[in-house]
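To keep things clear, I will list the structure first and then write my remarks on it.
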Amino acid sequence: MSKSWVKSKLPEFVRDVLRDFCLVSQHLFSEFSRYEQTGQISFTFFKDLLGEEMNKGQLWRLKDTSHILFRSEAQPDRVGLYLDWCIGYIFHECMKLREDAYQQENYRPWFEMMHSQPALPPEEKLISKELFTVLEQTNESIEREVSRIKFILFHCRRLFAMFLPAHQDNPLLARFLFAQESLVREVFKSSYKELIQAIYPGQSQKMYTLAAQSLEQGGWNKEAAQARKRV
5 MSKSWVKSKL PEFVRDVLRD FCLVSQHLFS EFSRYEQTGQ ISFTFFKDLL
55 GEEMNKGQLW RLKDTSHILF RSEAQPDRVG LYLDWCIGYI FHECMKLRED
105 AYQQENYRPW FEMMHSQPAL PPEEKLISKE LFTVLEQTNE SIEREVSRIK
155 FILFHCRRLF AMFLPAHQDN PLLARFLFAQ ESLVREVFKS SYKELIQAIY
205 PGQSQKMYTL AAQSLEQGGW NKEAAQARKR V
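Note that the sequence shown covers residues 5 to 235 in my numbering.
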């Protein structure tokens with residue numbers, strides 16, 4: 005992939021990685037909240053989030069964009085490489101969760117049904133019970149995987165606050181932060197203010213000015229006027 009092409013698209017890649025990270029985080033928060041309430045992880049959720057090689061889901065696309073952005077420079081940004089590793093780690097942990105959820109949804113009911121049959125021969129019943137203990141261990145795996153992903157997401161938010169200040173002149177980044185403020189606030193939680201202050205130290209009005217300029221270039225004059233009101 006041409007480095008000059010990547011450089012020309014850098015503002016878009018920076019915006020896209022933050023945007024997709026926020027969207028993926030939002031979806032994962034929602035699924036993990038459901039898991040805490042029900043004790044169940046959805047195979048369909050992770051199947052859709054990940055997708056397949058020929059039909060990539062949102063998390064897979066985020067991983068690919070991250071690789072393009074953070075590995076394209078001759079001397080890659082160190083913080084960016086941490087972010088790239090973290091996003092790849094989340095991707096692979098979600099792969100594991102998808103497989104564990106598949107086992108729980110498709111084989112647990114079958115094992116329970118077979119084990120409950122009174123006519124099951126004693127030897128087969130014993131084997132069924134012992135095999136079921138292996139299936140039960142996926143519950144422990146799921147708990148560990150969810151915990152690890154939450155931990156990595158937390159550190160991703162810290163790393164973004166370290167990486168993005170170098171891109172404070174990026175109008176697409178500013179436009180995203182303005183237009184999707186509620187999403188960014190939801191994902192970064194109590195560290196939202198620190199994120200904005202890190203990117204635009206002592207000059208948050210710069211974000212709104214850049215966002216307005218980008219919106220005007222796209223013909224979104226009403227939205228641009230709203231941004232300028234916050235300068």
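Cβ coordinates follow ideal geometry from the N, Cα and C atoms, glycine included.
When burial is assigned at 16 or more other CB atoms within 10 Å of the CB, is residue i buried or exposed?
{"i": "K133", "result": "exposed"}
{"i": "V191", "result": "buried"}
{"i": "E56", "result": "exposed"}
{"i": "A123", "result": "exposed"}
{"i": "D104", "result": "buried"}
{"i": "I146", "result": "buried"}
{"i": "R82", "result": "exposed"}
{"i": "V21", "result": "buried"}
{"i": "R148", "result": "exposed"}
{"i": "V18", "result": "buried"}
{"i": "Q108", "result": "buried"}
{"i": "F155", "result": "exposed"}
{"i": "T142", "result": "buried"}
{"i": "I131", "result": "exposed"}
Taking only three categories from DSSP, how would you classify residue i?
{"i": "E103", "result": "helix"}
{"i": "G55", "result": "strand"}
{"i": "K13", "result": "coil"}
{"i": "K233", "result": "coil"}
Can you name, in chain order, every residue of its own chain whose Cβ lies under 7 Å from the Cβ of residue i, other than the five neighbours on each side?
{"i": "D88", "result": "S70, H71, F74 and R75"}
{"i": "H159", "result": "C90"}
{"i": "D52", "result": "G61"}
{"i": "E198", "result": "A165"}
{"i": "L139", "result": "Q107, Y111, R112 and F115"}
{"i": "F50", "result": "C98, L101, R102 and A105"}
{"i": "R234", "result": "Y212"}
{"i": "P80", "result": "F74"}
Less than 8 Å between the CB atoms is what I'm expecting for residue i and residue j, so what's the real figure, rounded?
{"i": "L63", "j": "V28", "result": "5 Å"}
{"i": "L177", "j": "P15", "result": "7 Å"}
{"i": "R161", "j": "S195", "result": "6 Å"}
{"i": "F167", "j": "R23", "result": "At roughly 14 Å, the Cβ-Cβ gap does not stay under 8 Å, so F167 and R23 are not in contact."}
{"i": "F3", "j": "R102", "result": "The chain is shown only over 5 to 235; residue 3 falls outside these bounds and no answer can be derived."}
{"i": "L66", "j": "F25", "result": "6 Å"}
By Cβ distance below 6 Å, which residues in the same chain neighbour residue i in space, the five residues on each side in sequence not counted?
{"i": "P169", "result": "A202 and I203"}
{"i": "I153", "result": "I94 and E97"}
{"i": "K129", "result": "none"}
{"i": "K100", "result": "E149"}
Excluding sequence positions up to five away, which residues of its chain have a Cβ less than 8 Å from the Cβ of residue i?
{"i": "Q217", "result": "P175 and A228"}
{"i": "W114", "result": "none"}
{"i": "R232", "result": "Y212, T213 and A216"}
{"i": "K210", "result": "Q172, A178 and Y204"}
{"i": "L163", "result": "V83, Y86, L87 and C90"}
{"i": "L135", "result": "F115"}
Completely contained alpha helix (DSSP H) runs for the region 188-225, where each covers 4 or more residues: Taken in chain order, the complete alpha helix (DSSP H) segments of 4 or more residues contained in the region 188-225 are 196-203 and 209-221.
Could you tell me which whole alpha helix (DSSP H) segments of length 4 or greater appear in the region 64-150? List check, alpha helix (DSSP H) in window: 82-110 and 112-119.
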